[in-house]
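Let me begin by presenting the structure, written as structure tokens, before commenting on it.
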Amino acid sequence: MRRRFIFEGLKENLEKVFKRLRSKGRLSEEDIHTALREVRIALFESDVNYKVAKEVVSRVGESAKSEKVIESLTPSEQVITILYRELVGILGESASLNIDPNRQNFIMLVGLQGNGKTTTAAKIAKFLKGKGYKPLLIPLDFKRPGAHEQLVFLGERNGLPVFKDSSGEPVSAIKDVVSYMEEQGFNIGIVDTAGRKEIDTDLMDELKIVHEVLKPQETLLVMDSTIGQGALRVCQGFLDFVDLTGGIFTKFDSSAKGGSVLSFRYVTGKPVKFVGVGEKIDDLETFEPERLISRILGRGDIQTLVEKAQKAISEEESVKLLKKVSEGSFDLNDFREELQSLAKMGGISSIASYLPFASQMKLPANFSDDKMTRKMVAIINSMTKEERENPDIINGSRRERIAKGAGVEKYDVNLLLKNYFNFKKLIKNVKSIDSIIKFR
Numbered sequence: 097m098r099r100r101f102i103f104e105g106l107k108e109n110l111e112k113v114f115k116r117l118r119s120k121g122r123l124s125e126e127d128i129h130t131a132l133r134e135v136r137i138a139l140f141e142s143d144v145n146y147k148v149a150k151e152v153v154s155r156v157g158e159s160a161k162s163e164k165v166i167e168s169l170t171p172s173e174q175v176i177t178i179l180y181r182e183l184v185g186i187l188g189e190s191a192s193l194n195i196d197p198n199r200q201n202f203i204m205l206v207g208l209q210g211n212g213k214t215t216t217a218a219k220i221a222k223f224l225k226g227k228g229y230k231p232l233l234i235p236l237d238f239k240r241p242g243a244h245e246q247l248v249f250l251g252e253r254n255g256l257p258v259f260k261d262s263s264g265e266p267v268s269a270i271k272d273v274v275s276y277m278e279e280q281g282f283n284i285g286i287v288d289t290a291g292r293k294e295i296d297t298d299l300m301d302e303l304k305i306v307h308e309v310l311k312p313q314e315t316l317l318v319m320d321s322t323i324g325q326g327a328l329r330v331c332q333g334f335l336d337f338v339d340l341t342g343g344i345f346t347k348f349d350s351s352a353k354g355g356s357v358l359s360f361r362y363v364t365g366k367p368v369k370f371v372g373v374g375e376k377i378d379d380l381e382t383f384e385p386e387r388l389i390s391r392i393l394g395r396g397d398i399q400t401l402v403e404k405a406q407k408a409i410s411e412e413e414s415v416k417l418l419k420k421v422s423e424g425s426f427d428l429n430d431f432r433e434e435l436q437s438l439a440k441m442g443g444i445s446s447i448a449s450y451l452p453f454a455s456q457m458k459l460p461a462n463f464s465d466d467k468m469t470r471k472m473v474a475i476i477n478s479m480t481k482e483e484r485e486n487p488d489i490i491n492g493s494r495r496e497r498i499a500k501g502a503g504v505e506k507y508d509v510n511l512l513l514k515n516y517f518n519f520k521k522l523i524k525n526v527k528s529i530d531s532i533i534k535f536r
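Going by the numbering used here, the letters in the sequence shown line up with residues 97 to 536, in that order.
Dropping the structure here:
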């Protein structure tokens with residue numbers, strides 16, 4: 097199945113509102129009032145807290161009035177711009193971790209049980225290791241059976257050191273780990289605390305003590321993106337006992353509505369710092385509010401797409417690609433390699449979701465990136481060496497033979513070749529790698 101953008105439902109609902117606004121040309125105050133009511137409903141249906149949705153819409157309404165939107169030449173676009181500005185204002189700017197490389201740092205993860213704290217701890221350690229830090233995973237979850245073993249497993253599997261404590265008591269373990277980090281040269285300790293099934297006073301008192309003894313530079317609340325309207329209660333529950341510095345949302349690649357992410361900053365006054373976008377150890381991304389809101393409002397997120405391309409396609413591969421195209425030697429063997437590079441970037445549907453006006457690129461609900469890639473590769477593999485190197489010779493009879501060999505319809509072969517020639521034409525018109533593949 098294709099990967100779904102977590103705010104896809106909200107995005108689609110807002111696009112309907114914007115489409116109606118654009119169709120009107122000049123807008124009346126009643127048009128704007130109706131549109132904002134629909135925006136508020138769309139936000140609420142996406143699990144954005146009612147107070148947050150109401151305030152956003154109120155701000156947009158006031159700004160639209162003061163900026164005399166109804167008198168402008170492009171009122172609908174101005175409304176969208178104001179909504180973008182207010183949503184970004186709610187979420188705030190992106191925020192990095194508060195880390196001093198010249199001292200000992202602690203990142204304390206708190207949250208309800210089952211929200212992904214342990215896995216997130218390992219992901220953060222891998223992320224920081226890639227930045228040149230020396231992280232140490234510290235399991236302080238002595239409540240959940242197997243929690244310690246899970247963190248040790250994740251650490252060993254990914255080359256991440258884990259502190260091994262035998263005391264079974266959080267405060268005692270903290271005292272031991274401080275001296276251990278100094279002896280071994282670790283500069284960041286990532287603390288996995290015991291999860292709470294609910295906001296239980298006794299357990300929260302224990303968490304408060306751990307926080308006071310540890311004095312972490314970061315205390316991050318890990319929350320499941322599917323939590324919905326319950327986010328406000330959970331946030332407030334933890335704020336009553338510890339000073340949060342930010343949040344992390346897991347399952348950001350799920351089909352959840354995602355509104356809790358918009359509510360977090362409003363309730364806590366703290367930024368979301370990371371989002372988990374998959375089960376793999378590298379599936380952790382810094383949270384970029386402006387980019388997220390841009391995608392929600394249908395403006396795309398080219399910058400993130402560029403970063404994905406930079407990770408998937410090396411500079412050497414990019415230069416090689418352009419050289420082949422400029423020399424006229426880019427063939428179906430090369431196209432097959434590019435298809436595999438697209439797969440590394442999340443596939444066609446993932447890439448499309450980052451593009452402006454992605455809603456116009458309607459993919460079937462059952463569309464599968466893996467299935468599509470396998471089909472196209474199978475078609476290319478069904479060709480002879482001569483056909484792959486000289487696609488122009490593939491006539492009608494050859495296409496029928498290729499389709500039969502790949503177990504597909506002739507239409508699929510035609511579509512593949514059309515995509516190949518379009519891709520080749522697109523790249524040929526690019527003057528430099530900066531324009532499309534690398535964007536450096």
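We put the beta carbon where it would ideally sit given N, CA and C, even for glycine.
- Listed in chain order, the alpha helix (DSSP H) runs fully inside the region 325-404 are 327-335, 355-364 and 385-392, counting runs of at least 4 residues.
- Taking the Cα positions, Pro487 is about 53 Å away from Leu123.
- When rounded, the separation of the alpha-carbon atoms in Leu303 and Thr130 is 47 Å.
- Short of 6 Å from the beta carbon of Lys293, and not among the five residues preceding or following it, lie these beta carbons of its own chain, in chain order: Gln209.
- Straight-line spacing of the CA atoms in Ser192 and Val156 works out to 28 Å.
- Shown here, Pro197 sits in coil according to DSSP, grouped into three states, outside any helix or strand.
- Looking at Leu316, Gly354 and Gly343, the one whose alpha-carbon comes closest to that of Gln325 is Gly354.
- If you compare the alpha carbons of Gly226, Asp196, Val153 and Lys347 with that of Val318, the shortest gap goes to Lys347.
- Rounded to whole angstroms, Ala474 and Lys514 show a C-alpha spacing of 16 Å.
- With fewer than 16 other Cβ atoms inside 10 Å of its own Cβ, Ser425 counts as exposed.
- Cβ neighbours of Pro266 within its own chain (closer than 6 Å, five residues either side excluded): Leu236 and Val306.
- For Pro171, the enclosing alpha helix (DSSP H) starts and ends at Pro171 to Leu187.
- A check of alpha carbon separations from Asp296 across Gly333, Lys311, Phe282 and Glu279 identifies Gly333 as the nearest.
- According to the DSSP assignment, Val274 belongs to the alpha helix (DSSP H) that extends over Pro266 to Gln280.
- Under the three-state reduction of DSSP, Phe202 is assigned to strand.
- DSSP places Val309 in the helix class (H, G or I) of the three-state scheme.
- Beta bridge pairing from DSSP links Ile284 with Asn201 and Pro231.
- By alpha-carbon distance to Asp272, the top candidate from Phe259, Ile284, Gly281 and Asn283 is Phe259.
- Just measuring C-alpha positions, the residue of Ser119, Arg494, Ala149 and Lys112 sitting nearest Phe360 is Ala149.
- For Arg199, the closest of Tyr516, Glu278, Arg391 and Ala290 by C-alpha to C-alpha distance is Glu278.
- Within the same chain, Cβ atoms closer than 7 Å to the Cβ of Arg136 are found at Ala149, Lys150 and Val153, the five residues on either side in sequence being excluded.
- In terms of Cα proximity to Gly251, the closest of Gly185, Ala217 and Gln280 is Ala217.
- In the three-state scheme derived from DSSP, where H, G and I count as helix and E and B as strand, Arg122 is classed as coil.
- Per DSSP, Glu314 is one residue of the beta strand (DSSP E) stretching across Glu314 to Asp320.
- In this structure, the beta-carbon distance from Leu380 to Phe223 falls below 7 Å.
- For Leu250, the enclosing alpha helix (DSSP H) stretches over residues Ala243 to Arg253.
- Val373 has its alpha-carbon roughly 15 Å from the corresponding atom of Pro385.
- Residue environment for Gly207: buried (at least 16 other C-beta atoms within 10 angstroms of its C-beta).
- Scanning its chain for C-beta atoms nearer than 8 Å, with the 5 sequence neighbours on each side dropped, one finds around Lys471 the residues Ala502, Val504 and Asp508, in chain order.
- Taking the Cα positions, Ile489 is about 7 Å away from Glu483.
- Per DSSP, the unbroken alpha helix (DSSP H) holding Phe223 starts and ends at Lys213 to Gly226.
- Shown here, Leu208 sits in a strand according to DSSP, grouped into three states.
- Assigned with DSSP and collapsed to three states, Leu110 falls in helix.
- Rounded to whole angstroms, the separation of the alpha carbons of Leu428 and Asn145 is 51 Å.
- As the crow flies, the alpha-carbon of Glu125 is around 31 Å from that of Val357.
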